[in-house]
Amino acid sequence: MGMEGIGQRVVRKEDKRFITGKGKYTDDVKLQGMTHAHFVRSPHAHARIRSIDTAAAAAMPGVVAVLTGAELVGDRIGNLICGWMIHSKDGSPMKMGAYPAMAPETVRYVGQAVAVVVAETKNQARDAAEAVVVDYEELPAVTTVLDAIKEGAPQLHPEAPGNRVYEWSLGDKAATDAAFAGAAQVVSMDILNNRLVPNPMEPRSAVANYDAGDDQLTLWTTSQNPHVARLVLSAFYNIAPEHKLRVIAPDVGGGFGSKIYIYPEEIVCLWASRKANRPIKWTSDRTEAFLTDAHGRDHITKAEMAFDANHKILGLRVHTYANFGAYMSLFSSSVPTYLYATLLSGQYVIPAIYAEVDGVYTNTVPVDAYRGAGRPEATYVLERMMETAARQFGVDPAELRRKNFITSFPYQTPVIMTYDAGDYNASLDAALKAIDYAGFPARKAEAKARGKLRGIGLSCYIEACGIAPSKAVGSLGAGVGLWESAEVRVNPVGTVEVLTGSHSHGQGHETTFAQLVSERLGIGIDQVAIVHGDTDKVQFGMGTYGSRSGAVGMSAILKAMEKVETKAKKIAAHLMEAAEGDIVIEGGEFKVAGTDKKMPFALVALAAYTGHNLPDGMEPGLKEGAFYDPTNFTFPAGTYVCEAEIDPDTGKTTVVNFVAADDFGRMINPMIVEGQVHGGLAQGIGQALLEGTVYTDDGQLMTASYMDYAMPRADDLPSFDLHHTTTLCPGNPLGIKGCGEAGAIGSPPAVINAITDALGVRDIAMPATPARVWNAIHGRMAAE
Amino acid sequence: MTTVSMTVNGRQVSADVEDRTLLVDYLRNAIGLTGTHVGCDTSQCGACVVHLDGRAVKACTCLAVQASGSSVTTVEGLAKGDELHPVQAAFREHHGLQCGFCTPGMIMTAVDMINRHGGNLDEATVRHELEGNICRCTGYHNIVKAILDAASKMRMPAAAE
Numbered sequence: 004m005g006m007e008g009i010g011q012r013v014v015r016k017e018d019k020r021f022i023t024g025k026g027k028y029t030d031d032v033k034l035q036g037m038t039h040a041h042f043v044r045s046p047h048a049h050a051r052i053r054s055i056d057t058a059a060a061a062a063m064p065g066v067v068a069v070l071t072g073a074e075l076v077g078d079r080i081g082n083l084i085c086g087w088m089i090h091s092k093d094g095s096p097m098k099m100g101a102y103p104a105m106a107p108e109t110v111r112y113v114g115q116a117v118a119v120v121v122a123e124t125k126n127q128a129r130d131a132a133e134a135v136v137v138d139y140e141e142l143p144a145v146t147t148v149l150d151a152i153k154e155g156a157p158q159l160h161p162e163a164p165g166n167r168v169y170e171w172s173l174g175d176k177a178a179t180d181a182a183f184a185g186a187a188q189v190v191s192m193d194i195l196n197n198r199l200v201p202n203p204m205e206p207r208s209a210v211a212n213y214d215a216g217d218d219q220l221t222l223w224t225t226s227q228n229p230h231v232a233r234l235v236l237s238a239f240y241n242i243a244p245e246h247k248l249r250v251i252a253p254d255v256g257g258g259f260g261s262k263i264y265i266y267p268e269e270i271v272c273l274w275a276s277r278k279a280n281r282p283i284k285w286t287s288d289r290t291e292a293f294l295t296d297a298h299g300r301d302h303i304t305k306a307e308m309a310f311d312a313n314h315k316i317l318g319l320r321v322h323t324y325a326n327f328g329a330y331m332s333l334f335s336s337s338v339p340t341y342l343y344a345t346l347l348s349g350q351y352v353i354p355a356i357y358a359e360v361d362g363v364y365t366n367t368v369p370v371d372a373y374r375g376a377g378r379p380e381a382t383y384v385l386e387r388m389m390e391t392a393a394r395q396f397g398v399d400p401a402e403l404r405r406k407n408f409i410t411s412f413p414y415q416t417p418v419i420m421t422y423d424a425g426d427y428n429a430s431l432d433a434a435l436k437a438i439d440y441a442g443f444p445a446r447k448a449e450a451k452a453r454g455k456l457r458g459i460g461l462s463c464y465i466e467a468c469g470i471a472p473s474k475a476v477g478s479l480g481a482g483v484g485l486w487e488s489a490e491v492r493v494n495p496v497g498t499v500e501v502l503t504g505s506h507s508h509g510q511g512h513e514t515t516f517a518q519l520v521s522e523r524l525g526i527g528i529d530q531v532a533i534v535h536g537d538t539d540k541v542q543f544g545m546g547t548y549g550s551r552s553g554a555v556g557m558s559a560i561l562k563a564m565e566k567v568e569t570k571a572k573k574i575a576a577h578l579m580e581a582a583e584g585d586i587v588i589e590g591g592e593f594k595v596a597g598t599d600k601k602m603p604f605a606l607v608a609l610a611a612y613t614g615h616n617l618p619d620g621m622e623p624g625l626k627e628g629a630f631y632d633p634t635n636f637t638f639p640a641g642t643y644v645c646e647a648e649i650d651p652d653t654g655k656t657t658v659v660n661f662v663a664a665d666d667f668g669r670m671i672n673p674m675i676v677e678g679q680v681h682g683g684l685a686q687g688i689g690q691a692l693l694e695g696t697v698y699t700d701d702g703q704l705m706t707a708s709y710m711d712y713a714m715p716r717a718d719d720l721p722s723f724d725l726h727h728t729t730t731l732c733p734g735n736p737l738g739i740k741g742c743g744e745a746g747a748i749g750s751p752p753a754v755i756n757a758i759t760d761a762l763g764v765r766d767i768a769m770p771a772t773p774a775r776v777w778n779a780i781h782g783r784m785a786a787e
Numbered sequence: 004m005t006t007v008s009m010t011v012n013g014r015q016v017s018a019d020v021e022d023r024t025l026l027v028d029y030l031r032n033a034i035g036l037t038g039t040h041v042g043c044d045t046s047q048c049g050a051c052v053v054h055l056d057g058r059a060v061k062a063c064t065c066l067a068v069q070a071s072g073s074s075v076t077t078v079e080g081l082a083k084g085d086e087l088h089p090v091q092a093a094f095r096e097h098h099g100l101q102c103g104f105c106t107p108g109m110i111m112t113a114v115d116m117i118n119r120h121g122g123n124l125d126e127a128t129v130r131h132e133l134e135g136n137i138c139r140c141t142g143y144h145n146i147v148k149a150i151l152d153a154a155s156k157m158r159m160p161a162a163a164e
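Chains as they are written, first to last, in the numbering used here: chain U, 4 to 787; chain P, 4 to 164.
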């Protein structure tokens, strides 16, 4: 293993441009003759558009075009798609209303675009947008799932009666009913998972450029998967044929899922650029981001868990209502179904599980995959239930979990997943030791003496990463297979370019992927360039989400590397007149085993391209590609423990210690892995304590800026105490499980379990703001 | 339109802009220095922090005309050639960035913080004084570490300005 190979804490190659202000984000793109777009957005949650008068706006200084939803539909620009078909219990396909990129007739959430102004400057576009007059007929709106499914509720789409998208189920109802019938004890809870706004620090942005000379469109966009964007824009939206559309996702300032999707603004900018024959830039402001980026979570769940007299779990019954907002976003249908209910076994042996999920339309921003996508919701349900059960039974929460852990692998859950490997006792032990679990009563007593309430909370999470085996997701309704591609190009001088279909938006691929090449070839990471994010450079890829870049993306690179090595060994053997089987690669050199014969990798590369002395019949060049389709998901898991202290006078919760013990399989760069955990923990603690999305009953988003939506800041968080245990993932050649979302998945229940422990209450809703906690302490929860 | 002139990173610059132009837009669009970022509309996120006459300001809360005649330092002006500023080096060393979008503002805030405290910082102070900068990637853990490390290095006489 070299200094820059697998397992090393190598500082990141990409940092240099970021810390010197040389990053290249979409809003940094500036083209000759570039115009600027500003969208006219609905101020109403639900309204019919009677008319749009664009005349005054069109006459304003600098205005190039004012375009409406009716013109978009008239030009046959397709409606936005949802890429994963879910069938209801009765076998019927999910019921969806049309989702146009700009509303031609009816708006269904505040912020939905109805028109766009294109002008020479951003300010001119903004000024002119003010002059677009839209005559709305307001309609009654509904924002919560339970209201939306009531008799007589406002109806969003005629295609979805009762606002129901689907009524889906998973698991064995009869077996689960039988388990409950035979139970010694049952734990029941109503569990809310609060709606979050993703808030990557870089707002979404798009630059569209139509080149009339070549009849070619180029889109720079803040995307996690530029190839999928190009495919969908071409195949479904009638924007341009695929070979006439180039999509570039340059440096992207965070995604967390919210930049997986193709949004209306990208479609409109491409369409408008061709129409106006000018380059167009649109960059979201932060309030637009709150109003238009797909939100996350928003579940209401009734959960029941059955136990025998020895506290062994017999069964789990869950009924979840998922708020989809006003339209079905690209991956939204899969989140509360195959990404949620399939993880409801957690780390536990649960013989029978039955989950029902009702997907519901409301007059709110569309909800889609966000930072964990379904897994945080599943973990929250299970880990709140386990903690509550332990308290109900009067047993230690750690021991209740230990008693029910899965300990033998592979393990087939009753909800599709086959866990491949894990050691849940190891991570529980590591976490309990790190937090000094045994010493907690003394710390609680000490806090009490100071007038503070101290609590401790556990969470044993599991997630399914490395999305995903194509055949498996295809059989479950996904529109695409989720393999990944890679190409390894060795240059004649021995430097290496790796083209990958994964996309880096903070994950450090330029470093970790290069570490893999360094490990294999013994060359420095500065000799390796990672090329990604441009459909003109990389042939195809599926992008980055669900911690798939390591497990799937790097496995594809490894496959291509192996092909390169095989050919290079043949060349080296020929040049050194040795048997191919005797060639070994060590420290950047090709050596003949058992002799002192050797030659540097760079000379082998040069020979491949000069082509004078290759084995007979061999094609010149040293460049190989590979596609890798995983055989299973990967299953990172771990235990998180939160110790929190509450000031009863103010209700403020302080996280005094947070321990994470994760099993991510093999870590390519532990420094980067830990960084991703830190970020996830901040999100999870943010969800538990601070972040809440608040709509008024008539659909106005009250939390539409950083003045109103409480983002976690440095002062809200502790320094984290991270530990690792390791079982290698048997499902991919590198043993990688993935780490990107773990912190966000595992931490909310740990925090809420600590708070409920401190307060001695059964439940408190997220976010557990000081006001909510104070009310809980002072007995006024009912007033909420 | 008004002609706005100032010194940016030691270089005299000048451009005609609308009176309502914010300093951050002047730097990004009129001068072409895109290292300073815009992350929100309400001066909460801090992605746009620059130094105006030596003090950290949010460039989205300041009009370009207000900065006319001043000296502005942006993230592009910190390194001396290939030699990174100690705060830049510490952010890299401690993995204090991921997507890099909030990073320029974080670094400019950190430099100002260290300057004001003469390098004498503790974790609680750093966390408190970062209240005007939001990061969604790093959980702040490594940013705090980076700032404390840079502060300790800048406290040494050899590194003193």
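Using N, Cα and C, we set each Cβ at its ideal position, and we do this for glycine too.
Going along chain P, which residues have a C-beta under 8 Å from residue i?
i	result
N126/U	E21 and R23
G24/U	L36, T37, G38, T39, T77, V78, E79 and P107
N212/U	None at all; the shortest Cβ gap to chain P is about 18 Å.
Would you kindly report the start and end of the unbroken beta strand (DSSP E) that includes residue i?
i	result
I574/U	Where I574/U is concerned, there is no enclosing beta strand (DSSP E), although the alpha helix (DSSP H) it sits in stretches over S558 to M579.
H727/U	D724 to H727
Y139/U	V136 to E141
V129/P	Note, V129/P: premise wrong, no beta strand (DSSP E); alpha helix (DSSP H) at E126 to E132.
P282/U	No beta strand (DSSP E) contains P282/U, which DSSP labels as neither H nor E.
Can you tell me the Cβ-Cβ gap for residue i and residue j, rounded? I've got them flagged as a contact below 8 Å.
i	j	result
A663/U	L684/U	7 Å
L704/U	F293/U	6 Å
T141/P	G84/P	Rounded, the Cβ-Cβ distance is 28 Å, inconsistent with contact.
G668/U	K740/U	4 Å
A122/U	H47/U	Between H47/U and A122/U the Cβ distance is about 25 Å, and since that is not below 8 Å, they are no contact.
Quick one: grab the DSSP three-state call for residue i.
i	result
I265/U	coil
S95/U	coil
N2/U	Only positions 4 to 787 of chain U appear in this structure, which leaves residue 2/U out of reach.
F310/U	strand
H298/U	strand
T225/U	coil
Q115/U	coil
K156/P	helix
M4/U	A caution first: M4/U carries a pLDDT of 46, below 50, which makes its placement in the model too unreliable to give a value.
A163/P	Residue confidence for A163/P is low, a pLDDT of 46 falling below 50, so the modelled location carries little weight; the figure read from the coordinates is stated next. In this structure, A163/P counts as coil in the three-state DSSP scheme.
N32/P	helix
W777/U	helix
L87/P	coil
In terms of alpha-carbon separation, which member of the options lies closest to residue i?
i	options	result
A467/U	E694/U, D193/U, Y343/U and D711/U	Y343/U
A559/U	A611/U, L502/U and A582/U	L502/U
F443/U	H314/U, G460/U, R111/U and L199/U	G460/U
V14/U	S488/U, G527/U, D650/U and P715/U	G527/U
V60/P	R23/P, V129/P and V114/P	V114/P
Using the beta-carbon of each residue, which ones in chain P are nearer than 9 Å to residue i?
i	result
A685/U	C138, R139, C140, T141, G142, Y143 and H144
T290/U	C43, D44 and T45
What residues from chain U crowd round residue i, counting only those whose CB sits closer than 8 Å?
i	result
G103/P	E17, D18, R20, F21, I22, G26, D254, G256 and G509
R95/P	V14, R15, D18, K19 and I22
I'd like the span of the alpha helix (DSSP H) that includes residue i, first residue to last.
i	result
G749/U	A745 to L762
D18/U	D18 to I22
S478/U	S473 to S478
Residue i touches chain U at which residues, Cβ-Cβ below 7 Å?
i	result
C48/P	M204 and Y709
H131/P	D718
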